[in-house]
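Visitor: This structure is in structure tokens; I'll ask about it shortly.
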Amino acid sequence: MFSSWPDGTAILHQRIWDAHDPQMVQAYLSSQQAPPDKTVLVQGDGWTVTRDARSLNSEALSGVDSLELFNQLPMLESIGITKPHDGLFRWLGTRPLIATMRISGQQDPILDLRGTHIRRLVLDVTGLKEVRLSSTLEDLTIIGACDSSLVISSECNGRNLVVCVEDPTLPWAGLPELGRLELWDVESFYPDRVIARFPGLSALAVAGRLCRTSTLLPLGNLAHLQFLSLTEVFPEQHEFPLPSCWPQLTLLRLHSAPDALAKAVKKSFKPLVPDELDLDVRRPRKPDWLAANLDNPFRDWEGRSGISAGQAKKAATLYRNALRSALDRAAQLAEQPTALTEALTQIATDYIDGFNAMDRRTQIIETVEREEILDAMAAVINAAETVRQTQLGTDASPLERQAILDSVEALREF
Numbered sequence: 000m001f002s003s004w005p006d007g008t009a010i011l012h013q014r015i016w017d018a019h020d021p022q023m024v025q026a027y028l029s030s031q032q033a034p035p036d037k038t039v040l041v042q043g044d045g046w047t048v049t050r051d052a053r054s055l056n057s058e059a060l061s062g063v064d065s066l067e068l069f070n071q072l073p074m075l076e077s078i079g080i081t082k083p084h085d086g087l088f089r090w091l092g093t094r095p096l097i098a099t100m101r102i103s104g105q106q107d108p109i110l111d112l113r114g115t116h117i118r119r120l121v122l123d124v125t126g127l128k129e130v131r132l133s134s135t136l137e138d139l140t141i142i143g144a145c146d147s148s149l150v151i152s153s154e155c156n157g158r159n160l161v162v163c164v165e166d167p168t169l170p171w172a173g174l175p176e177l178g179r180l181e182l183w184d185v186e187s188f189y190p191d192r193v194i195a196r197f198p199g200l201s202a203l204a205v206a207g208r209l210c211r212t213s214t215l216l217p218l219g220n221l222a223h224l225q226f227l228s229l230t231e232v233f234p235e236q237h238e239f240p241l242p243s244c245w246p247q248l249t250l251l252r253l254h255s256a257p258d259a260l261a262k263a264v265k266k267s268f269k270p271l272v273p274d275e276l277d278l279d280v281r282r283p284r285k286p287d288w289l290a291a292n293l294d295n296p297f298r299d300w301e302g303r304s305g306i307s308a309g310q311a312k313k314a315a316t317l318y319r320n321a322l323r324s325a326l327d328r329a330a331q332l333a334e335q336p337t338a339l340t341e342a343l344t345q346i347a348t349d350y351i352d353g354f355n356a357m358d359r360r361t362q363i364i365e366t367v368e369r370e371e372i373l374d375a376m377a378a379v380i381n382a383a384e385t386v387r388q389t390q391l392g393t394d395a396s397p398l399e400r401q402a403i404l405d406s407v408e409a410l411r412e413f
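Residue 0 is where the sequence shown starts when you use numbering that gives the first Met the number 0, and the numbers rise one by one after that.
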């Protein structure tokens, strides 16, 4: 989210590039301009590494006696590992063009990335107690089960770092001077916790999923804030910090927020537009919208490119009709698993037919939408199963879910 906001990193990247080994840079540029070199460097069971490879995974790294073999890959810039590899991080210290990594499956509780040239890192912190970041790191995405004792450290205490997390409780410690924080797909938000941990934030983005919080007023204590983005965040109180709280603020983005809050923000910050502030307030929500969308798996369709408001509403209606019918039939047929399976199959048929008809007219359903449709149907079946088990107990034989899902696969045209 922050990558498009000007902050001088482009100049820094050019200086870093200019400082790289000239021969390594020339080999990279020459390979970029030449036809793809499909010469096989190494291969194994089901995998091959050619000389034009840009990325490597654990399978390839485990298939060689020496990692130095991969010095013959001039365009190599990304590594993804799912297990430990002896000497990997030491070798990465000799490869400054490898700037992107995804790390999981580490067995040692201490992960030391110092000396590498990684700029972008997706890190599964499961089982880790201490992480020492490289001084070059700019973007850190934290995934996995985080131990409350985990400490993350960097030479600059996080001052030049963007951290992206999905756990709003921020259970790990460290990076006290963090510059930028992104919270993604969160259902709750704790401003006081953010401020206590990272009082010097210059940028904060919260992308919620019907995210609830008590108040946004504490955000006014982030005196150095330059960029603030809040999407689908619904505070119980509609007060908002005054412009005077953020003398350096240059961008304020408020999407899918309570209507009263959106109006107050527009009124308060409009005098700063356009000379001092880029203000972007969209999709204000009436109170009834929040109530209607608490159980709507298709709420993200509203405002999505290529999908009309009517189509988003139709998708929600198809889901709610299917859910209501499934719950009713589950209550009526709890002791008749065969009859219930047949009833749920018909409900799934009506559901899929509705999306087939929608897609025939406008062809709006692509990969993401297809997965959302199927996930919502799976949730309907789960809800019906829960009703049945509530009546019969958890020892009841499970429904023939696969028969229902097979019918969905046979029927769908998208």
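C-beta: ideal position from N, C-alpha, C; glycine also. Bear in mind that the values here come from a model prediction, so they are computed numbers and not experimental data.
Take residue 134 as the anchor and find which of 120, 80, 269, 232 has the nearest alpha-carbon.
Guide: For residue 134, the nearest C-alpha among the options comes from 120.
Visitor: Enumerate in chain order the residues of its own chain whose CB-to-CB distance from residue 104 is below 6 Å, with the five nearest sequence positions on each side excluded.
Guide: Once the five neighbours on either side are set aside, the close Cβ partners of residue 104 are 81, 82.
Visitor: Quick check on residue 392: does DSSP put it in helix, strand or coil?
Guide: Coil.
Visitor: Enumerated in chain order, which unbroken segments of the alpha helix (DSSP H) with a length of 4 residues or greater are wholly contained in the stretch 183-223?
Guide: Counting whole runs of 4 or more residues, the stretch 183-223 contains the alpha helix (DSSP H) stretches 190-196.
Visitor: Distance check for residue 183 and residue 317, CA to CA, integer angstroms please.
Guide: When rounded, the distance between both Cα atoms is 27 Å.
Visitor: Beta-carbon separation of residue 196 and residue 169 under 8 Å?
Guide: Taking 8 Å as the Cβ cut-off, residue 196 and residue 169 qualify as a contacting pair.
Visitor: Does the separation of the CB atoms of residue 352 and residue 410 fall below 8 Å?
Guide: Cβ distance < 8 Å, so residue 352 and residue 410 count as in contact.
Visitor: Restricting to runs no shorter than 3 residues, where is the beta strand (DSSP E) found entirely within the stretch 261-320?
Guide: Runs found: 277-281.
Visitor: Specify the secondary structure class of residue 410 as computed by DSSP and reduced to three states.
Guide: Looking at residue 410 - three-state DSSP - the assignment turns out to be helix.
Visitor: So, are the CB atoms of residue 300 and residue 311 less than 8 Å apart?
Guide: For residue 300 and residue 311, yes; Cβs fall inside 8 Å.
Visitor: Over the uninterrupted beta strand (DSSP E) stretch that includes residue 140, give me the two end residues.
Guide: From DSSP, the beta strand (DSSP E) with residue 140 extends over 138-142.
Visitor: Flag this pair as yes or no: are the beta carbons of residue 144 and residue 125 separated by less than 8 Å?
Guide: Yes, Cβ-Cβ distance for residue 144 and residue 125 is below 8 Å.
Visitor: Which of the three DSSP states, helix, strand or coil, is assigned to residue 103?
Guide: If DSSP states are grouped into helix, strand and coil, residue 103 belongs with coil.
Visitor: I need the boundaries of the alpha helix (DSSP H) containing residue 88, first residue and last residue.
Guide: Per DSSP, residue 88 belongs to the alpha helix (DSSP H) from 87-91.
Visitor: Can you tell which of 74, 245, 149, 337 has its C-alpha closest to the C-alpha of residue 51?
Guide: Closest option to residue 51, Cα to Cα, is 74.
Visitor: By the three-class DSSP mapping on this structure, what secondary structure does residue 47 have?
Guide: Reduced to three states, the DSSP call for residue 47 is strand.
Visitor: Residue 397: buried (16+ other C-beta within 10 angstroms of its C-beta) or exposed?
Guide: Residue 397 comes out exposed.
Visitor: Please identify the residue among 244, 55, 131 whose C-alpha is closest to the C-alpha of residue 100.
Guide: Comparing Cα positions, the closest option is 55.
Visitor: Can you tell me whether residue 173 is helix, strand or coil according to DSSP?
Guide: In this structure, residue 173 counts as strand in the three-state DSSP scheme.
Visitor: Is DSSP giving residue 225 helix, strand or coil here?
Guide: Residue 225 falls in the coil class under three-state DSSP.
Visitor: Leaving out five residues before and five after residue 116 in sequence, what residues of the same chain have Cβ atoms less than 8 Å from its Cβ?
Guide: Correct list, in chain order: 91, 92, 94, 95, 96, 97, 98, 133, 135.
Visitor: Give me the DSSP bridge partner(s) of residue 164.
Guide: Residue 164 pairs with 141, 182.
Visitor: Quick check: what's the CA-CA separation for residue 256 versus residue 231?
Guide: Straight-line Cα distance between these residues: approximately 6 Å.
Visitor: Starting from the C-beta of residue 382, find all residues in its chain whose C-beta is less than 7 Å away, skip the five residues before and the five after it, and write them out in chain order.
Guide: Same-chain partners within the cutoff: 322, 325, 326.
Visitor: Given a cut-off of 8 Å, decide if residue 400 and residue 380 are closer than it, judged by their beta-carbon atoms.
Guide: Yes, these two residues count as a Cβ contact at 8 Å.
Visitor: Just to confirm, are residue 181 and residue 159 a CB contact at a threshold of 8 Å?
Guide: No. Outside cutoff.
Visitor: Can you give the beta carbon distance from residue 260 to residue 234, rounded, assuming they're within the 8 Å contact cut?
Guide: Yes, they are in contact, since the Cβ atoms of residue 260 and residue 234 sit about 7 Å apart, within 8 Å.
Visitor: Report the option in 288, 331, 67, 162 whose CA atom is closest to the CA atom of residue 387.
Guide: That would be 331, whose Cα lies nearest to the Cα of residue 387.
Visitor: With a threshold of 16 other CB atoms inside 10 Å of the CB of residue 43, please say whether the residue is buried or exposed.
Guide: Exposed, by the Cβ-count rule.
Visitor: So, at 6 Å on beta carbons, what are the nonlocal neighbours of residue 140 in its own chain, with the 5 sequence-adjacent residues on each side left out?
Guide: Closer than 6 Å at the Cβ level, and outside the excluded window around residue 140, lie 121, 163.
Visitor: Quick check on the DSSP output: the alpha helix (DSSP H) that includes residue 235 runs from which residue to which?
Guide: Run containing residue 235: none; DSSP gives neither H nor E here.
Visitor: Indicate the three-state DSSP secondary structure (helix, strand or coil) for residue 154 in the structure shown.
Guide: If DSSP states are grouped into helix, strand and coil, residue 154 belongs with coil.
Visitor: Is the CB-CB distance between residue 205 and residue 224 below 8 Å?
Guide: Their beta carbons are not under 8 Å apart, which means residue 205 does not touch residue 224 by this criterion.
Visitor: In or out: residue 293 buried (at least 16 other Cβ within 10 Å) or exposed?
Guide: Label assigned to residue 293: exposed.
Visitor: Do you know whose CA, among 193, 348, 57, 151, lies nearest residue 167's CA?
Guide: When only C-alpha atoms are compared, the closest one is 193.
Visitor: On the three-state DSSP scale, how would you describe residue 125?
Guide: Correct three-state label for residue 125: coil.
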